[in-house]
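Which chain is which? The protein sequence lines are S and U, in order. Going by the working numbering, the first sequence opens with residue 47, and the numbers climb by one from there. Going by the working numbering, the second sequence opens with residue 8, and the numbers climb by one from there. Down below is the structure, laid out as structure tokens.
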Amino acid sequence: MALPPEPIDTVLVDTKVAVVGEITGVVATGPALPHREGKKGEKDLGNKAPWQRVTLRIDTVLRGGLKQGSTVEVLKPEGAYLVDAGTKGPFLLGAAGDDGVAPILGRYGPDTWRLEVVQQAFAKA
Amino acid sequence: MRISDKQLRPIADRVAQTPTKRVDDRLVIEILAAVADKSGRSAAQALTELSAPGKTRAEQLAIAQAGLSKGERKDIETLLDQSGFSFDAGAKNFLEALIGRATLETGGGNGPLPPPAAGVVADERGIRGTLEAGMVIEAINLSSAPDQRLHLTDTKEIGRAGAGGQFVLDANSVTGTDAMKRLTAGDVIRLRGRRADGTTTDWIELKVGGRDTTNAQFNGMRLTLTDDGRGQVGLTHNTGRPLTEPGAQLRFINLRTGDQLDVKATADGSIPANLKIAGKAGDQIAVAVSDGTNNADLKTVTTTLSVLGNSGTVDPADDPMPHKDEVRSDGTPMYPLRRYNGPLFVNGPTSNDVRQGVIGNCYFPAAVGAVAHMMPKVIEDAITEVRNPQTGEREFQVRFYSSSGRMELVTVDADLYTRSWGGPIYGTTPNASNPDSMELWFPILEKAYAKWKGSYDRIGNGGSPASVLTALTGKSTRYFDTSYNDADEIFRAVKAAGDAKQPMTAGTHDDKKIYTNTGVYADHAYSVLGAEESGGKKFILLRNPWGESEAGNDGKNDGYFKLELSQFMKLYGDVAIVR
């Protein structure tokens, strides 16, 4: 769904960890979700991509206790984007579940806000 | 992977559908029960026996081995060797011992499992208990729901009760969806069983056991604060989705007057009706929340919200109803209308004035931005400021063209659905949080389009930018498909149209994988602003109707960018050009 990014202030509240990193692999992908076909030229139909469990290499830590150079498993929730090995950028991560796997926040994951936007938001918070 | 045993197959299918495909000690007990069913016991009896307090691993293994058939042995081998499942050490040893590949380890942490309780209990390891045999179990985490786009009835199927009604669900298998985001100590879980005929048990609410270090959430976007004109501010939960955790303690503090209001959240995570606190429009209200354990003194403020002016009620004759996501179950809008008094135009309309709001109508701002860029006079001529002959109030007459070319006029006022947190919820122009200075033409145009089509819902679930180009200009469009038209042909058409000031839009594909890290977004419409050649390369000039988020980094993040033609052909599926 091509909605604008959420205001970053509303997402920072739930951000436990923020890093710059790169996806190194996709561990698992959820089942395909129902797909709505539009008429010719129609956009913003709201189809969602499935969840993915992925490994994320931490290149820089902006906030939180992860170690630079380490790799963690994270959850890309159902939504408007997919990731793959090589996907990089700023990742905001929410509270980890019982299994220690934290969800990626932001409507478009690492493409939701530029790094400088994230840094400015942290500086302001 | 082929599992022949009908008791084992559904267990394997269930594991295969989990994100981690993890098999732990608890799940292995279900496998052992499925195997043990040929030893004179039913699977349900075996599960009860295997789960009995004090039962050792050796005794559990013996029960399973007594019923192990040749086919089941093969199935266990398949699970171990071909499934790709992730076995915990103890679970793997159990299964390998069952088929004689390994000796059973009895020490360490591989002890017998806790029995399912009478009723249902949860801790951070999982949810277990007893309902009716074969019931599908569905649940929602009420503590994490306020941050999700969920109603409290949006439960997730988390498992199935066995033949004896018992179930032991590992935390990994029940979490990871919006409804069951996590299983954290202190969380409130709402759960019920669904029978094959569709009927259900009553809801069961349980608290996840363990040390609670996570405070209740509060979603400030779901609360509207309105000046009632009599020195009081009304607090309205503006959605059917939860505001906070059920039973949470809330404190509202007027930062100007110091007035405080303490409220306990309802069982549905809402607040009681008709709540008021002393104050007026423009006041800032701080909100503190506690789950009773964390932030118990309510000293830490979660969020601060602004009080809106009172703009009366929606008049269906004048104001289009909101998108369905912003309408309560009783049919009333969740957000109040607020009167905006800014100028209709500031230095004429431009594409930079256009900002998409919270509904799925990118096709509309993309087309409007394109017309504003190429034919600003069309926009200026389409909106006429008038006075209501009865009330003398400021209104706007907006002209559209139907697909058959018939001109139609729609009259709207400058009341826009607005949240306490920020400005209008639908399309805006820059400076949206100031009701006295925001340039009005784009939100007025969108409001009139919503009224013409029926409501914001009618225009907010996808659509065609070409139809909006026609509605604004009265002209038909040419359509280019990047699968059928070659790159040079499209470049020539866009260049010629740009030079001739013909509005254009382009749309991306719905294949989300190809867009990651490109700065371009799937299933999205863009304004096309022209084409150019520089340095021997061909470029298409574009604008994202969000007014931000673009390919490349020119240091502005204003939505404007250019793409090399080859990249444009890969990422975009179609171009519409006004004739």
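Glycine residues also receive a C-beta, built at the ideal position from the N, C-alpha and C atoms. Since the structure is predicted, the reported quantities are computational estimates derived from the model, not experimental observations.
- Under the three-state reduction of DSSP, A303(U) is assigned to coil, being neither helix nor strand.
- When DSSP states are grouped into helix, strand and coil, N222(U) belongs to the coil group.
- Distance between G399(U) and V393(U), taken at the CA atoms: about 9 Å.
- Neighbourhood of V129(S) in chain U, by CB distance below 8 Å: T523, in chain order.
- Each of I278(U), T484(U), V270(U) was checked against the Cα of T246(U), and the nearest Cα belongs to I278(U).
- The C-beta of T133(S) comes closer than 8 Å to at least one C-beta of chain U.
- Listed along chain S, the residues sitting closer than 9 Å to V365(U) by beta-carbon distance are L49, P50.
- For Q239(U), the enclosing beta strand (DSSP E) begins and ends at 239-244.
- Remark: C-beta atoms of P26(U) and G183(U) approach each other more closely than 8 Å.
- Under the rule that a run must span 3 or more residues, the beta strand (DSSP E) segments found entirely inside the stretch 164-229 of chain U read 173-177, 195-201, 211-214.
- A direct Cα-to-Cα measurement between D204(U) and M142(U) gives close to 10 Å.
- Per DSSP, the beta bridge partners of E402(U) are V393(U).
- Under a criterion of Cβ atoms nearer than 7 Å, the residues of chain S adjacent to D581(U) are, in order, G87.
- Between L91(S) and chain U, the shortest Cβ-Cβ separation is below 8 Å.
- The beta carbon of S411(U) does not come within 8 Å of any beta carbon belonging to chain S, so the residue lies off that interface.
- Relative to the Cα of P136(S), the nearest Cα in the group L121(S), V107(S), P123(S), G125(S) belongs to V107(S).
- Looking at the backbone, the Cα of L423(U) and that of H330(U) are separated by about 13 Å.
- With 16 or more neighbouring CB atoms inside 10 Å of its own CB, L536(U) falls in the buried class.
- Taking 8 Å as the CB threshold, L121(S) lines the interface with chain U.
- Contact annotation: N222(U) and D298(U) have beta-carbon atoms nearer than 8 Å.
- Chain-order list of chain S residues neighbouring P17(U): empty, with the shortest C-beta distance near 16 Å, by a criterion of under 8 Å.
- Here V365(U) has I432 as same chain residues with Cβ atoms under 6 Å from its own Cβ, once five neighbours each way along the sequence are excluded.
- By the Cβ test, the stretch 508-520 of chain U is not in contact with the stretch 461-468 of chain U, since fewer than three Cβ pairs between them sit closer than 8 Å.
- Exposure of G236(U) is indicated by the presence of fewer than 16 other C-beta atoms within 10 angstroms of its C-beta.
- Contact annotation: G216(U) and P253(U) have beta-carbon atoms that are not nearer than 8 Å.
- Excluding sequence positions up to five before and after G429(U), its CB lies within less than 8 Å of the CB of A439, S440, all in the same chain and listed in chain order.
- Less than 8 Å divides the Cβ of P327(U) from the Cβ of K458(U).
- Under DSSP, S462(U) forms a beta bridge with M328(U).
- The beta carbons of V585(U) and L476(U) sit closer together than 8 Å.
- Under the three-state reduction of DSSP, M381(U) is assigned to helix.
- Remark: C-beta atoms of A288(U) and D266(U) do not approach each other more closely than 8 Å.
- Shown here, F575(U) sits in a helix according to DSSP, grouped into three states.
- Rounded to whole angstroms, the gap between the alpha carbons of Y486(U) and A374(U) is 14 Å.
- Sequence-ordered contacts of the stretch 563-578 of chain U with chain S read N564 [C-beta pairs closer than 9 Å].
- In terms of beta-carbon proximity, M228(U) lines the interface with chain S, with at least one pair separated by less than 8 Å.
- Excluding the 5 residues flanking it on each side, T75(S) has same chain C-beta neighbours closer than 6 Å at P96, Q98, in chain order.
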